[in-house]
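Going by the UniProt record's numbering, 24 is the number at position 24 of the sequence shown; the sequence numbering is gapless.
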Amino acid sequence: MAYELAQVNVGRLVAPLTSPQLKDFVDALDPINALADAAPGFVWRMQTEDGNATAIRAFEWDAGTSAGVIVNMSTWRSVEDLAAYVYSGEHRAVLKRRREWFERMPEAFTALWWVPEGHRPGTDEAEDRIRHLRAHGPTPYAFTFRETFPPGGAVPEPGQADWFCKA
């Protein structure tokens, strides 16, 4: 069976998306998403029919005292393809500014897992993977860049040092 890598990441907003404080973030969404869509190994990105991923409601149980939660979910050909996009170039520049726009989250906010090729995960699946990662740490069911698992594999593999944003 062929597999694709699913990823979800959630962010607790420090202010509403319409606020001046988040203007730079909102302005960066379309260009950064276009870069992802064109990146080697990119397969699919969750979004509404009009292309707006921030309109998707999920993880509302995780909002706490934030201004709300936004979610990003996509599928990729490999962990290496996803990491190459996430930790390089313009996306990394946006990552370095995340503390301006998102609350610090002490628990896992990104999860990776393997899906059968062509499967498009939904928000319920993503919420389950994040909950599992928070409860059990990295496993083949939900893992991180720091500790990955091959498709169908039970033996963890360490992530590469350049896959971690120091910001």
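Ideal Cβ positions, reconstructed from N, Cα and C, are used throughout, including at glycine.
Owing to the predicted nature of the structure, the values given are computational and were not obtained by experimental measurement.
Compare the Cα-Cα distances from residue i to each of the options and report the closest residue.
i: residue 113; options: 103, 102 and 125; result: 125
i: residue 81; options: 25, 95, 37 and 24; result: 37
i: residue 71; options: 84, 56 and 77; result: 56
i: residue 27; options: 67, 94 and 117; result: 94
i: residue 169; options: 87, 104 and 119; result: Here the chain has residues from 1 to 167 only, and residue 169 is not among them.
i: residue 190; options: 142, 105 and 139; result: With the chain running from 1 to 167 in the structure shown, residue 190 is simply not present.
i: residue 61; options: 30, 39, 127 and 101; result: 127
According to the Cβ coordinates, are residue i and residue j closer than 8 Å?
i: residue 108; j: residue 54; result: no
i: residue 12; j: residue 63; result: yes
i: residue 129; j: residue 8; result: yes
i: residue 18; j: residue 79; result: no
i: residue 110; j: residue 4; result: no
i: residue 73; j: residue 116; result: no
i: residue 77; j: residue 51; result: no
Using the DSSP secondary-structure output, state which residues sit across from residue i in a beta bridge.
i: residue 45; result: 74
i: residue 95; result: Looking at the DSSP assignment, residue 95 forms no beta bridge with any residue, so it has no partner.
i: residue 111; result: 8
i: residue 139; result: 142
i: residue 69; result: 12
i: residue 121; result: Answer is none; residue 121 lacks a bridge partner.
i: residue 116; result: 3
i: residue 102; result: 13
Leaving out five residues before and five after residue i in sequence, what residues of the same chain have Cβ atoms less than 7 Å from its Cβ?
i: residue 166; result: In this prediction, residue 166 scores a pLDDT of 49, lower than 50, which makes its location untrustworthy; the coordinate-derived value is nonetheless stated afterwards. Excluding residues within five positions, none has a Cβ falling inside 7 Å.
Take residue i and list the residues in its own chain whose beta-carbon comes closer than 6 Å to its own, dropping the five residues that flank it on each side.
i: residue 21; result: 15
i: residue 10; result: 59, 69, 71 and 109
i: residue 45; result: 74
i: residue 2; result: 117
Between which residues of its own chain and residue i is the CB-CB distance below 8 Å, once the five residues before and five after are set aside?
i: residue 91; result: 32, 35, 36 and 85
So does residue i have its beta carbon nearer than 7 Å to some heavy atom of the ligand SAM?
i: residue 123; result: Of ligands this structure carries none, so the ligand SAM is not represented either.
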